[in-house]
Amino acid sequence: MDFDIKRLGFTLLGLLIVLNWGLLMSSIMRKLGARVAKRYGIRWFQPWLDLVKNYALRSQISHGIMFYLGPVFRIGGGVGLFLFMPMIIGSELWLNYSFHGDLVLLMYFQFFGMLGMALGSGEGGHPYSAIGISRGLSQFTTIEVPMTLAIISLAIQYDTLSLIDIVKAQQGGFQNWTMWTNPVATIAGMFSLLGALSHSPFNLVKAPNEIPIGPPTEYHSTFLGVLQTNAAILHVVEAALFMNLFFGGATNWFEFILKTFFIYFWSVFVGVVFPRFRIEQSVAWFLKIPLVFGVLAIILYM
Amino acid sequence: MSETKNNNKFENPHYAKREVTGPDGKQFIVDPIKDYFSDERPKVYEPNSIPVVEKFLNWARAESLWVLGFGTGCGSIEIPPLMTPRFDAFRFGIQSRPTPRQSNVFIISGYLAVKTLKRVIRSYEQMPSPKYVLALGSCTINGGMYFDSYNTINRLDHYIPVDVYVAGCMPRPEALLAAFNRLKELIKEGKGEKANEYAANFDWYKENQKKIIKDWNMPDYNW
Amino acid sequence: MEYVSLTIGFIVIIAGLWAIMTNRNILRMIIGFSIFDTGLHIVIVSLAYVKGGTAPILDSAVGINEAIDKIVDPVPQALVLTAIVIGLGVTALMLAYAMKLHKEKKSLDIMSFRDLKW
Amino acid sequence: MISPIHIISIGLGTAFALGFLNKKSNGLAVSLMLVAIALMAAVSSSWFIKLYQGAEAIEVYTAGFKPPYSINLRMGLNEALLSSLINLAGFLGGLYMFKNLKNTGKHAIMVFLVFVMGLNVIILTRDAFNLFVFMEVVSIATAGLIILIQDGKSIQAGFKYMIATGIIAGIFLLGIIFAYYFSGSLNIDDISNSNLLAFKGGSVAVLMIIVSVVLELKPFPANGWALDVYEASDPGIAALISAASATAMYFVLFKLMPIADLQWYKIISTAGLITFVGSNLFGLKQTGARRLLGYSSIGQLGLLMTILGLKPFLGDKFEYIAITILISHYLAKAGLFWIAGLLKKDKLKDWALLRKKPLFLVLFGTFVFSLIGFPPFPSFFGKWELIMSLSQQGLYFTLAMILTGSFLEGIYLFRWLGYAIKMESNESWTFKLEWNKVIPPVLFGILVYLAGYYSSTFAENFNGLYFIALAFILIIYLLDFLPAAVKNILSILSLALVSWYMLPGLYSEDMLRFIFTLIFLVGGILTFIAGFAYKGKREGFYPVALLMYAGLAIIIRASTTLEFFFGWELMTAGSYFLIIRGKKSMAHGLSYMLFSMAGAYAILAAFGLSFAETASIQLSSLAAVGGNITVIFSLLAIGFMTKTASLGLHIWLPGAHAEAESDVSPMVSAILLKAGVFGLMILMIAMGNNPEATRVAYVLGWLGALTALVGNLAAAFQEDAKRLLAYSSISQLGYILFALAMMSHLGWMTAMVYSINHFLYKSILFLTIGAVVLKVGTHYMYKMGGLIKNMPLAFIAVLIGIIALAGVPPLSGFAGKWLFYNAVIDKHWYFQGVIVFFSGIIAFLYLFKLIYSVFLGQLKDNLRHVKDISIWFAIPIYILIIGLMIFSAKPDLVLKPLGEMISVWYPNAGLSWEGGLATAPYGYWNGTGVMITIGIMFMALLGWLLLLSSKAVKVGQFNIVYSAEAPQRPETTHVSYNIYAGYNKALGWMVAPKITEFWDTMSDWAHSLAEYGRRLYSGNGQVYTTYVLAYIIAFYLIMIF
Amino acid sequence: MKQVLEKLSASFEIEDIVYQRDDLTFLSAKKENLINLITHLRDIEGFSHFVLLSCVDWIEDDKFQLTYFLNKPEEKYDLGIRCMIDRKEASMDSAHHLWKQIATYQREIKEMFGVDFPGSPGVDEPFILEGWDNIPPMRRDFDTKQYSADTFFPRERPKTNDPKEYMKEQMHPGEWGEYRKEKK
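Protein chains in written order, with the numbering used here: chain A, 1 to 302; chain B, 1 to 223; chain C, 1 to 118; chain D, 1 to 1041; chain E, 1 to 184.
The structure is reproduced here in structure tokens:
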């Protein structure tokens, strides 16, 4: 593998697009929530403002090295996921660095950021951080089960674990998407997405009214800015993963934006409707209904 | 000033010095105030040296005001309507945050008992700089109807710097919105530097605070 | 008739065993043991009996040549002597034990010597 | 040569001569007696040497006539050996009881001498009536000794003994007379030649003779009187009864058996078997040492009786088996009784006092291990041959019962050993050692090792070189007075030497063994380095650790099943001692030993079965097994799975690993468990391709998956850091089992990568956590917290360890996960795979808990001045980290050779390489590329953050947002205890301790059975007599039907 | 209820029974008898519910008046038991063993009036005031205005106007201004 400046440039550009699209999506989401409540809501550029404001705050405190590294790990997780995710099919350069590893790499790389964040906020020493993390990890373990079942089902279906190959196999028309060819796995996967994006009813991790926003309680100013940046990237990238897995991927940026928008808003719509689960409820829920779909997905393709 | 007042009568037993035996059997003294808290003094942070950049940043700060969700007195009941469709403070970039670490604006909503003042000081000091204080109601101005109470402060600005006072008992959300707009103007003009003022006059503020908080059992500045 | 003594011997043996097993008194048990021993001796001697045989003494009455047919088997008789001696020894030792046991608990009931069990 | 008859004449003559001695010169009398016994011993042993060199056996005719006209003695090889043993025991026993005898007086001395002499005659004589006479003499002498050397309750026991033996002797006499009646001779050879059973009524004679000798051997249940004697008589006498009398009686039975036929052999073997199992079962409930030894003695006699009964089946192996087991019993039981006499404490739990004299503790351990049949003791080889022969003959039931009995015996003996090693003891009592009481057990202790070596020379295909390792360990033990550092250096050097000797050859020949040698020995060296952190002498640590490593090395080197089993048992013994060294590990050590023993017996049985089928003990011959493959495969798998702690067999592990010392935990977790993996691999290489084995492997796969799940879930709910890691080990071994059971190229690749990784990161974690525990003085995570500030080195190590364990890229743990996915999809084991995957994510729960609770969060008051972990722990930890990093950065370095190795067995569906990019049938992965990409990205992001917030104020641990308050105490602010309460609510039912309950119930049942069973022994002499008669009647009934 | 109280009045030296309403009665008891009385009321007469404990400072009489309010749930009957205690050595027996929650009232009264209740749990810990070092603020000899003035940096208060006059001037400045000037 030799160094390729052009690829690096494209990747950085892609990162920029993803970041801004992520911020815009969160803006739209909040606006939407406001309109549901008959408010005017935030201005559309508010996320950028908040980001700039947070980066511009002057005083910072640090609880120690790991507290400092936590956000780095976290955004490393998001950016790394982006790096190993093929973004636009058909363009060699927009595939980023996905030739280094397959779906398994992506699945396990999610943990990178999570672990870093957990450790960082752990060093903050705040009890709510620890409670939030313990809930987050608990919930995460079960979220991944239907997801894994869906991915294995896909791997059986497409005979590969390579995300690029899976996307390529879905090209050539609307009817080739996994959504139609393997609907059960898609349902399992989309259930899992709900948890992964941690919107209501699975937003117990941050639970602002209960344990002041959970893990990032102690994070502020620049650190918080980094975390916000990561959130924007991560949400788009996760949506992109589901897009690639179930909805035929994207052949251009417009398609990318359209598809990620709808995938992301699936969780928003659900979140508007359902109240929050307690942790043991959400754990048990993921091991019931989505699990059944996941198992079904494998049985159907075995 | 640097010496914390150690009046035994009011000492919290948890913050008293204690002798502890380590796992290797050696004994040593733990002084919680010194060992568990940072004793660094606040700093005066200079604005960005490039005026344009500072102006831009001030604009961002002004348009993204995150309010600490801490209701100190009766006025805290006026804040929730602020977020409702009728007043909808979100459109001004205002939103509430549950932790002082992530907040910029502290609304002192009404009378302050001495006991509450201690918590207010702690929360205020935990907010990252630059930070702003909105003081609500006459109680924060001159004690209001509690002017002769044995336990309620009369003037907030002797204890923490106040950016905007809102008179009234209680001021309506409209008044609060007006105060926010005034605050925005101040910030955009570059006058939202009260945090630096607090740091610069730190000793004076501390003296005032310690005068009424008799059981002072925290470090001078709560980072 | 030749089995009479043998049968009697066995009956005595069984009587001895019966005595050992039904009497809780240690002395009675020892007596039972002696009876059992005696029964054994009777059996031994009667087994050696050859119908119509004489005492196994080679003298003028029984010549060497006819001894094989005429006399009873001498070996068991020799054995019985040894067995009686041994039985005596055993009985004596038992009595010594009985004495010691009595000294210990002032009782001769076998049921009172159950400190060791399980 | 002196005629053997002089053995008798010396004994009798001296006994008479003693009568002339002055009353006050008792000391002289005892000395004279000892001289006499020594002379007797000299005679018999000189005969033994001569006969062993090939001389003919001789007959001695006492009256000058040939039998039947006179009594004849025979001095053959067996007789010479046994009478030497008896005289030796008599001499040492006399020495041991020197003071006792002296105080009692000349009568006792004479009786003692007569006792020994009588036993000699019993061995030598070939005349039935003479046998009777001397059996009576010995019996009277025994009773006399009991009554003369009074010891409270011993009189009661003696009387019961007299009644029972009196009746038995009567029956014996009757039998002899009848035999004489039918055969016309008293000579045993004549009797057996005359074929008694052909006569009408002759069989009654046989019955009476055999049954009375059998009764002398104390068969269950007609043995209450014997137990009382063992319990109550002076331990010196009990030692003689157990060692010498039993030996003689056993030989009598051996001598008399030719008069009976095959059916009698069967009856005897059954009776022996019942005795063996029954008395060992009842032994479970004993609390007194001497009665326990009584039960054990009776059990051993039962085993010997079984072996005698099996003589027609064992063929020429009989003598070897019988003698090895007899000698083990003889040496060990005498030694144990002697130690019991020294200690003067009868309660098993009081044996903790033995710790004050480490030499006796070692002797005690030696005797216990030799009784149960561990290597290198003679009974190990005896049992091995026994099992092999039994399975060759198809006597599976007998085989199973013998193993069951041995297992039961192991339970109480190891519990007892555990009490001695670990039981809390507050008594300040010390025992005084007199030289004459020390020499006998010490001598027997040495003898048992020599006998072990000697019996190994008879074993086929056994490499005697292994004893060099044992000799080295012995030297280390003898150097125990040196400071720990010196012994540590010696140990490291020895391991390095062995590695240097073994590794180069294996690298080119056998990659599998090479890797496991690396794990075992290099891992051993690294963990030994950590041992430098310990001050003082660490008495007893190095010999046992080396014993374990020796066992592991032997397993690697083994080419035959015997060698393999030898190494396996050595390793078990060594690790048992390592484990039991920890605090509070008495119970865990016992459960480890019991599971290991059961596993070892399963392995032994399987080896036996395979030997029966292939008639070869080469390891490679396992591949040739065809018929019983399911049974053999399952047995071996169960045996190995006790070491890998798979679900159901895992309950020993958490406690054992958690309570072990800091540097022992990695030894027993990261290294020892791999022995099970190695065994499983050997097994699957040999048998894996058989379709029936594949079916078993399918079950193993599920078992592995469930083990992984349950282990990880349980780990998430632990509060004890080392216990958490122990459960984590269980689940990791579950992964490996699962991957092995896949039996495909990728599956094995996964298993190997997991094995290597688990070795690396579990060593790192256990060493680090162990070092931290040493510093902070507690295992409980909620009592730690915030240690990152004091222990950065430890934190980094744990961080790397948990990232690797979690399988997060870019570290090497991901290699295992990636391979695992490909393997699972390739093998179509989806659901098991998902379970394993699920448990892999659950790992995050406990890993976070581990690092957070220990290093992050709030630093406690008492830990404010804790220093970083010891440098001696840091060195091996960081060496391992370097290894881990190399593996992570260049996975192809390891994966390529692994692939080549596995291609030998599974050539299909491997990885294909293209530079650093590995392509499996389903996916692709470039470890190096990922590492570089992530590294660059991470550094860039870090630089960015540093640029933005370089001026952050470093604050104290209480400077947190606390709802406008400040925390008051670190303890109440550190959220760590039961942190996954919600998860527990949802999924805690999965880890309810059902399996522990199951084993507890099993144990309760066994103990209840023992409790009710042993009530047979009511303590009433009459009842015992009834049992004796009932036993005879039962034999009669069996005979006539 | 009347009979009950009259019956009790003898044995517990009850005075001044005031039947305020059908369901409310006040009575006075001596300090020594008070605990016995309420114990009796609770255990025998069924006044199982403790409502509140209050304190009044009769500085003129040099007394503190403690009032224990009890309630009988079955009859919905309230009973106020007054007790005068000496102001100089203000101390009263604790009743926390009867109802746990009394401890909290006692703690507050200790803080605000300085009436001691020896043995009451936590009675010396600060209840509302943290670090109070003056005389208890609810005592009538405590000058709260002066205290506030000394402590809390009082802002100079604006001149106060008569609202009537002031508003007149504000609303009709011309008319009334002239008038006022003239008047002055």
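Cβ coordinates follow ideal geometry from the N, Cα and C atoms, glycine included.
Chain D has a Cβ within less than 8 Å of the Cβ of Val20 of chain B. In the structure shown, the three-state DSSP call for Cys55 of chain E is strand.
Taking a Cβ-Cβ cut-off of 9 Å, Glu108 of chain E has no neighbours in chain B, whose nearest Cβ is about 13 Å from it.
If only complete runs of 4 or more residues are kept, the segment 673–714 of chain D shows the alpha helix (DSSP H) at 673–687, in order along the chain. By the Cβ-count criterion, Glu92 of chain A is exposed, with fewer than 16 other Cβ atoms from all chains shown falling within 10 Å of its own Cβ.
Along the segment 17–36 of chain A, the positions whose C-beta sits under 9 Å from a C-beta of chain B are Arg30 and Ala34, read in chain order. Using a 10 angstroms sphere on the CB of Lys643 of chain D, the tally of other CB atoms reaches 16 or more, which defines it as buried.
Residue contact with chain C for Arg1014 of chain D: present (Cβ-Cβ distance below 8 Å to some residue of chain C). For the pair Asp165 of chain A and Leu946 of chain D, the Cα-to-Cα distance works out to about 39 Å. Here Arg172 of chain B is exposed, its C-beta having fewer than 16 other C-beta atoms within 10 Å. For Leu799 of chain D, not one C-beta of chain C is nearer than 8 Å to its own C-beta. Looking only at B:Ile33, B:Ser64 and B:Ser49, the smallest Cα-Cα distance to Ile42 of chain A is reached by B:Ser64. Asn790 of chain D: not part of any beta strand (DSSP E); DSSP gives it neither H nor E.
Within the same chain, Cβ atoms closer than 7 Å to the Cβ of Leu161 of chain A are found at Asp102, Leu103, Val104 and Ala155, the five residues on either side in sequence being excluded. Setting aside the 5 residues that flank it on each side, Leu590 of chain D is surrounded in the same chain by Phe414, Arg415 and Gly418, each with a C-beta closer than 7 Å to its C-beta; the list follows chain order.
Per DSSP, Ile160 of chain B lies in no alpha helix (DSSP H) segment and is marked neither H nor E.
Around the beta carbon of Lys827 of chain D, 16 or more other beta carbons lie within 10 angstroms, which makes this residue buried. DSSP lists no bridge partner for His199 of chain A. When the alpha-carbon of Ala715 of chain D is set against those of D:Ile525, D:Trp1005 and D:Met781, the nearest one is in D:Met781. Nearest CB-CB separation between Leu173 of chain D and chain C: below the 8 Å threshold.
Here Ile171 of chain D is buried. Its C-beta has 16 or more other C-beta atoms within 10 Å. Cβ proximity to chain D below 8 Å picks out Thr148, Leu149, Ile152, Ala155, Ile156, Asp159, Thr160, Leu161 and Ser162 from the segment 147–177 of chain A.
By the neighbour-count definition (other C-beta atoms within 10 Å, threshold 16), Met171 of chain E is an exposed residue. For Gly923 of chain D, the nearest CB of chain A lies under 8 Å from its own CB, placing it at the interface with that chain. When DSSP assignments are scanned along the segment 813–896 of chain D, the uninterrupted stretches of alpha helix (DSSP H) that are 4 or more residues long and fall wholly within it turn out to be 813–827, 830–855 and 871–889. At a cut-off of 8 Å, the C-beta of His14 of chain B has no neighbouring C-beta in chain E.
DSSP places His779 of chain D outside both helix and strand once states are collapsed to three, so it counts as coil. Taking each of D:Ala670, D:Ala697 and D:Phe374 in turn and checking the Cα distance to Thr572 of chain D, the smallest one comes out for D:Phe374. Only Val72, Ile75, Gly76, Val79, Gly80 and Leu83 from the segment 72–88 of chain A bring a Cβ to less than 7 Å from some Cβ of chain D. At least one CB atom of chain D sits nearer than 8 Å to the CB of Gln126 of chain B. Setting aside the 5 residues that flank it on each side, Lys118 of chain B is surrounded in the same chain by Ile213, each with a C-beta closer than 7 Å to its C-beta; the list follows chain order. Taken through DSSP and simplified to helix, strand or coil, Leu112 of chain B comes out as coil.
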